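A.B. asks: Here's a structure for you.
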Amino acid sequence: MEYFLQQLINGLTLGAIYGLIAIGYTMVYGIIGMINFAHGEIYMIGAFIALIAFLVLGILGITWLPLALLLVLLAAMVFTAFYGWTLERIAYRPLRGSPRLAALISAIGMSIFLQNYVQLLQGARVKPLQPVIPGGVVLMEGAISVRFNYIQMMIIATTVVLMAIFSLIIAKTAMGRAQRACQQDQTMSALVGINVDRTISMTFVIGATLAAVAGMMVTLYYGVIDFFIGFLAGIKAFTAAVVGGIGSLPGAMLGGLLIGLIEVFWSAYFTIEYKDVAAFSILILVLMFRPTGLLGKPEIEKV
Amino acid sequence: MAVSRFALTTMAAATAAIIAGAMPAEAEIRIGTAGPMTGQYAVFGAQMKAGAEQAVRDINAAGGVLGQQLVLEIGDDVCDPKQAVAVANQFAGRGVVMAAGHFCSGSSIPASDVYYEEGILQISPASTNPQLTEAGKWNVFRTCGRDDQQGEVAGNYMADNFADKRIAIVHDKQAYSKGLADETKKQLNARGIQEVLYDTITPGERDYSALVSKLNAEGVEILYYGGYHTEAGLIVRQMRGQGMTTRLISGDALVTDEYWSITGDLGEGTMMTFSPDPRKNPVAAPIVEEFRAQGIEPEGYTLYTYGTIQAWVQAVEKAGTTDPEAVAEVLKSEQFETVLGPIGFDEKGDVTAPGYVFYVWSGGTYDYVEN
Numbered sequence: 001m002e003y004f005l006q007q008l009i010n011g012l013t014l015g016a017i018y019g020l021i022a023i024g025y026t027m028v029y030g031i032i033g034m035i036n037f038a039h040g041e042i043y044m045i046g047a048f049i050a051l052i053a054f055l056v057l058g059i060l061g062i063t064w065l066p067l068a069l070l071l072v073l074l075a076a077m078v079f080t081a082f083y084g085w086t087l088e089r090i091a092y093r094p095l096r097g098s099p100r101l102a103a104l105i106s107a108i109g110m111s112i113f114l115q116n117y118v119q120l121l122q123g124a125r126v127k128p129l130q131p132v133i134p135g136g137v138v139l140m141e142g143a144i145s146v147r148f149n150y151i152q153m154m155i156i157a158t159t160v161v162l163m164a165i166f167s168l169i170i171a172k173t174a175m176g177r178a179q180r181a182c183q184q185d186q187t188m189s190a191l192v193g194i195n196v197d198r199t200i201s202m203t204f205v206i207g208a209t210l211a212a213v214a215g216m217m218v219t220l221y222y223g224v225i226d227f228f229i230g231f232l233a234g235i236k237a238f239t240a241a242v243v244g245g246i247g248s249l250p251g252a253m254l255g256g257l258l259i260g261l262i263e264v265f266w267s268a269y270f271t272i273e274y275k276d277v278a279a280f281s282i283l284i285l286v287l288m289f290r291p292t293g294l295l296g297k298p299e300i301e302k303v
Numbered sequence: 001m002a003v004s005r006f007a008l009t010t011m012a013a014a015t016a017a018i019i020a021g022a023m024p025a026e027a028e029i030r031i032g033t034a035g036p037m038t039g040q041y042a043v044f045g046a047q048m049k050a051g052a053e054q055a056v057r058d059i060n061a062a063g064g065v066l067g068q069q070l071v072l073e074i075g076d077d078v079c080d081p082k083q084a085v086a087v088a089n090q091f092a093g094r095g096v097v098m099a100a101g102h103f104c105s106g107s108s109i110p111a112s113d114v115y116y117e118e119g120i121l122q123i124s125p126a127s128t129n130p131q132l133t134e135a136g137k138w139n140v141f142r143t144c145g146r147d148d149q150q151g152e153v154a155g156n157y158m159a160d161n162f163a164d165k166r167i168a169i170v171h172d173k174q175a176y177s178k179g180l181a182d183e184t185k186k187q188l189n190a191r192g193i194q195e196v197l198y199d200t201i202t203p204g205e206r207d208y209s210a211l212v213s214k215l216n217a218e219g220v221e222i223l224y225y226g227g228y229h230t231e232a233g234l235i236v237r238q239m240r241g242q243g244m245t246t247r248l249i250s251g252d253a254l255v256t257d258e259y260w261s262i263t264g265d266l267g268e269g270t271m272m273t274f275s276p277d278p279r280k281n282p283v284a285a286p287i288v289e290e291f292r293a294q295g296i297e298p299e300g301y302t303l304y305t306y307g308t309i310q311a312w313v314q315a316v317e318k319a320g321t322t323d324p325e326a327v328a329e330v331l332k333s334e335q336f337e338t339v340l341g342p343i344g345f346d347e348k349g350d351v352t353a354p355g356y357v358f359y360v361w362s363g364g365t366y367d368y369v370e371n
């Protein structure tokens, strides 16, 4: 029982991070029907900005933790959002209207470019950050003591709060309405006075902001980042978005949690060697029975 | 048939370019060093590069080899087997006569096929997987030890000191890591000790919390890890995060300060096997000084790469030619004075040098374990 609980905590934390990244994939796909393969790299850049912000704050002598965390979060979100906006502006907007494959290649190119860009600027060495938020609470003493670390609580809580905020934005605000309109029909949206270009830019900005939060959490939680972390995380998050139903916001979160939990529980009770096989087998099973993912809506071909 | 004539001309031109590339100017000898210059293990590539550059500089300053100057080619294989083959082909195209590399066993082994076909000497300063020299290729050598030696030392040490502890063995599925973990397990089992858990992880990930909880549930006190320093550091951090005091024991891939920069004080007490530190060799003292004067700490494989090139240069001088087969003959029959001390090679190409010793991390540096 203790073991199960401990692994559940591990799985939820991992799933929350996957979910945060997956939202970026799903939102972009929802609006322009394109897989933004550079999204994993945006997350990686978020992690680097968070680390740099921590170091800068350390030099400035701001060590009161809540303030430092808030400042780092803001810095990571703002700068990463800027990268997300620029990415859309220079790599995708010029290709709008061209075949989807062109945009896909452009995305893969940006992914490679951003990886090498960070590698050249920051070096190939791994960048460590010593534990910032140590400690946690022991939930249960038994055969093993179940620990819920403060940082794990923070990751899960932040994810829940952000999900709530962004769901509200999409559902209630004018910008959210514009996004949903663009998702359904861009030409029609333009005709009723929606600035389609700006709406798409905002989508990239929101996706990048969430990826920045995930990047900061990873920097805090694991404490070791390098220019290559975006690749694996990106693949996993993309899988999560597909399982949940690409284009669906709650689906991305659900998919993220599902992938995280499957990986952790498979590792816990079977051999870790096959955990990726397990995760991707579930993906195939889901897609066999629900080709649009768990919460995805089937695409209706308009005649 | 204009098209095919055009294609033929292009091909002819390309072939000419390749042949031209294969014949460098007379007055220089090209050697190469290949390793992960970028990517996750770039810190080791940097060690090899620093060692090779310094060796070439020193040798050229002393008059070169057979009166000719050495030119160094650096190859980046990112520890990727496919990339390693590409680098090996590139070396062949540029007329390299000896490759001091690669770093990862998973790269060295596929590259050795190319070097064998092209008749280029390969002397790895770092690849410890037994298979590299077991294949029996005449052109393959190494100046580092082998994982079966390393595993034997590690297995024996654990059997002697931790016989009553609960031991787990984990590796990251790469050629080096699996070889090391399996050799250690073999020796441990031969000494009558059974590990409580044997599992693998995926390198390059960040989250090893599931593994850590598993170790915790099994009450593991000693974790033998076959793999590299990044994952080892992450596992240590996550073990301490879950309140475990398990001691990590690993192999020669932890001999880098980067390990400590990841773990910080949490890495206190981590143990590893590595060849005797060449920096402590009296012969190496002036060269160590030379490195430090440039702000480079010649840790890990720096001096191994330096010594590799030294041994090859001495063999070339003795053979009187750079012809790889003649040099290979000399390498297998003579002794060489290097920064690693006097070394020679056996029939397989393995170095006949002292084996492995245990080191322990403490306060940010590593030193021999006091017995």
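If you read the sequences in order, they're chains L and F.
So for the first sequence, this note's numbering puts the first residue at 1; every next one is plus one.
So for the second sequence, this note's numbering puts the first residue at 1; every next one is plus one.
Where a beta carbon is used, it is the ideal one built from N, C-alpha and C, also for glycine.
Owing to the predicted nature of the structure, the values given are computational and were not obtained by experimental measurement.
#1: Let's test the definition: count the other Cβ atoms within 10 Å of the Cβ of Ile45(L) and tell me whether it reaches 16, buried, or not, exposed.
#2: Tell me which same chain residues have a C-beta within less than 6 Å of the C-beta of Glu377(F), skipping the five on either side of it?
#3: What do you get for Val192(L), buried or exposed, if any count of 16 or more other CB atoms within 10 angstroms of its CB means buried?
#4: For the segment 135–167 of chain F, which residues have a beta carbon sitting closer than 7 Å to at least one beta carbon of chain L?
#5: Less than 8 Å separating the beta-carbons of Phe348(L) and Val78(L)?
#6: Taking Lys82(F) as the reference, which of Ser112(F), Ile74(F) and Tyr368(F) has the closest Cα?
#7: By alpha-carbon positions, which one of Ser107(F), Ser213(F), Gln68(F) and Val339(F) ends up nearest to Thr302(F)?
#8: The alpha helix (DSSP H) with Thr322(F) in it runs from where to where?
#9: Against chain L, does Tyr366(F) count as a neighbour if the rule is that its beta carbon must be under 8 Å from one of theirs?
#10: Can you give me, in chain order, the residues of the segment 255–270 of chain F that have a beta carbon less than 7 Å from any beta carbon in chain L?
#11: Given Thr200(F), which residues of its chain have a CB within under 6 Å of its CB, disregarding the five upstream and five downstream residues?
#12: Between which two residues does the alpha helix (DSSP H) containing Tyr259(F) stretch?
#13: Just list the residues that DSSP pairs Glu389(F) with in beta bridges.
#14: Can you give me the Cβ contacts of Ile165(L) inside the same chain, cut-off strictly under 6 Å, excluding the 5 residues immediately before and after it?
#15: Excluding the 5 residues preceding and the 5 following Val137(L) in the sequence, name in chain order all residues of the same chain whose CB lies nearer than 7 Å to its CB.
#16: Between the alpha carbons of Lys178(F) and Ile169(L), how many angstroms are there, rounded?
#17: Going by the C-beta, is Ile296(F) closer than 7 Å to any heavy atom of the ligand HEM?
#18: Residue range of the beta strand (DSSP E) that Met217(L) falls in?
#19: What does DSSP give as the partner residues of Trp138(F) in its beta bridges?
#20: Whose C-beta lies closer than 6 Å to the C-beta of Tyr366(F) among residues of the same chain, with five residues either side of it excluded?
#21: Could you pull the start and end residues of the alpha helix (DSSP H) that Arg57(F) belongs to?
#22: Taking the continuous beta strand (DSSP E) assigned at Phe274(F), which residues delimit it?
#23: Could you name the residues of the segment 211–239 of chain L whose beta carbon sits closer than 7 Å to any beta carbon of chain F, in the order they occur along the chain?
#24: Applying a beta-carbon distance threshold of less than 8 Å, which residues of chain F neighbour Ser145(L)?
#25: Looking at the structure shown, is Pro298(F) part of a helix, part of a strand, or coil, going by DSSP?
#26: According to the Cβ coordinates, are Ser275(F) and Cys144(F) closer than 8 Å?
#27: Considering Cα atoms alone, identify which of Val146(L), Phe289(L) and Met216(L) is closest to Ala75(L).
#28: At a CB distance below 7 Å, what residues from the segment 202–220 of chain F approach chain L? Give them in sequence order.
#29: Near Met23(F), which residues of its chain fall below 7 Å by C-beta distance, leaving aside the five closest residues on each side in sequence?
#30: Cα separation between Thr269(F) and Leu188(F)?
#31: Measuring alpha carbon to alpha carbon, tell me which of Gln6(L), Gly24(L), Phe4(L) and Ile9(L) ends up nearest Val213(L).
#32: Taking buried to mean at least 16 other C-beta atoms within 10 Å of its own C-beta, is Ala16(L) buried or exposed?
C.D. replies: With the structure as the only source:
#1: Counting from 1 along the first sequence, the entry for residue 45(L) is found at position 45. Classification for Ile45(L): buried.
#2: Not covered by the structure: residue 377(F). The range shown for chain F is 1 to 371.
#3: Residue 192(L) sits at position 192 when you count from the first residue of the first sequence. With a threshold of 16 other beta carbon atoms within 10 Å, Val192(L) falls short and is exposed.
#4: none
#5: Outside the modelled stretch of chain L, which goes from 1 to 303, sits residue 348(L), for which no answer is possible.
#6: Reading the second sequence from its first residue, position 82 is the one you call residue 82(F). The shortest Cα separation from Lys82(F) among Ser112(F), Ile74(F) and Tyr368(F) belongs to Ser112(F).
#7: The residue labelled residue 302(F) in the question sits at position 302 within the second sequence. It is Val339(F) whose Cα lies nearest to the Cα of Thr302(F).
#8: As a first step, residue 322(F) is located in the second sequence; it is residue number 322 there, counting from the start. DSSP places Thr322(F) outside any alpha helix (DSSP H), giving it a letter other than H or E.
#9: In the second sequence, residue 366(F) corresponds to position 366, counting from 1. The beta carbon of Tyr366(F) sits no closer than 8 Å to any beta carbon of chain L.
#10: Glu258, Ser261, Ile262 and Gly264
#11: Along the second sequence, read from residue 1 onward, the residue named residue 200(F) stands at position 200. So the list reads His171 and Lys173, once near-sequence residues are dropped.
#12: Working through the second sequence from its first residue, we reach residue 259(F) at position 259. Run containing Tyr259(F): Asp257 to Thr263, per the alpha helix (DSSP H) assignment.
#13: Nothing about residue 389(F) can be read from this structure; chain F reaches only from 1 to 371.
#14: In the first sequence, residue 165(L) corresponds to position 165, counting from 1. In its own chain, leaving out the 5 sequence neighbours on each side, no residue places its CB closer than 6 Å to the CB of Ile165(L).
#15: For the purposes of this step, residue 137(L) is identified with residue 137 of the first sequence, where counting begins at 1. Once the five neighbours on either side are set aside, the close Cβ partners of Val137(L) are Phe148.
#16: The sequence position of residue 178(F) within the second sequence is 178, counting from 1. The sequence position of residue 169(L) within the first sequence is 169, counting from 1. Answer to the nearest angstrom: the Cα atoms are 50 Å apart.
#17: You won't find the ligand HEM in this model; it holds no ligand whatsoever.
#18: Counting from one through the first sequence, the residue named residue 217(L) turns up at place 217. Per DSSP, Met217(L) belongs to no beta strand (DSSP E); it is in the alpha helix (DSSP H), Val196 to Tyr222.
#19: Numbered from its first residue, the second sequence carries residue 138(F) at position 138. In the DSSP output, where bridge partners are listed per residue, Trp138(F) has none listed.
#20: Locating residue 366(F) in the second sequence gives position 366, counting from the first residue. For Tyr366(F), where only same-chain residues beyond five positions count, the Cβ hits under 6 Å are Tyr359.
#21: Here residue 57(F) refers to the residue found at position 57 of the second sequence. It spans Ala42 to Ala61 - the alpha helix (DSSP H) in which Arg57(F) sits, taken as one unbroken run.
#22: Looking up residue 274(F) in the second sequence gives position 274. For Phe274(F), the enclosing beta strand (DSSP E) starts and ends at Met271 to Phe274.
#23: Listed by position, the residues of the segment 211–239 of chain L near chain F (Cβ gap below 7 Å) are Val218, Tyr222, Gly223, Val224, Asp226, Phe228, Ile229 and Leu232.
#24: Reading the first sequence from its first residue, position 145 is the one you call residue 145(L). The contacting residues are Gly243.
#25: Taking the second sequence and counting its residues from 1, one reaches residue 298(F) at position 298. In the three-state scheme derived from DSSP, where H, G and I count as helix and E and B as strand, Pro298(F) is classed as coil.
#26: Taking the first residue of the second sequence as position 1, residue 275(F) is located at position 275. Taking the first residue of the second sequence as position 1, residue 144(F) is located at position 144. Result yes, Cβ atoms of Ser275(F) and Cys144(F) sit closer than 8 Å.
#27: Residue 75(L) sits at position 75 when you count from the first residue of the first sequence. The candidate whose alpha carbon is nearest that of Ala75(L) is Met216(L).
#28: So the list reads Thr202, Gly204, Glu205, Arg206, Asp207, Ser209, Ala210, Leu211, Ser213, Lys214, Asn216 and Ala217, given in the order they occur along the chain.
#29: Within the second sequence, the letter at position 23 stands for residue 23(F). The predicted position of Met23(F) is uncertain, since its pLDDT is 47 and thus under 50; a value taken from the coordinates is nonetheless stated next. For Met23(F), where only same-chain residues beyond five positions count, the Cβ hits under 7 Å are Gly95.
#30: Translated into positions along the second sequence, residue 269(F) becomes position 269. Translated into positions along the second sequence, residue 188(F) becomes position 188. According to the sequence as given, residue 269(F) is Gly; it is not Thr. Annotation: Gly269(F) to Leu188(F) spans about 21 Å, alpha carbon to alpha carbon.
#31: The residue given as residue 213(L) occupies position 213 in the first sequence. Closest by alpha carbon: Gly24(L).
#32: Residue mapping note: residue 16(L) aligns to position 16 of the first sequence, counting from 1. The residue in question, Ala16(L), is buried, as its Cβ has 16 or more Cβ neighbours within 10 Å.
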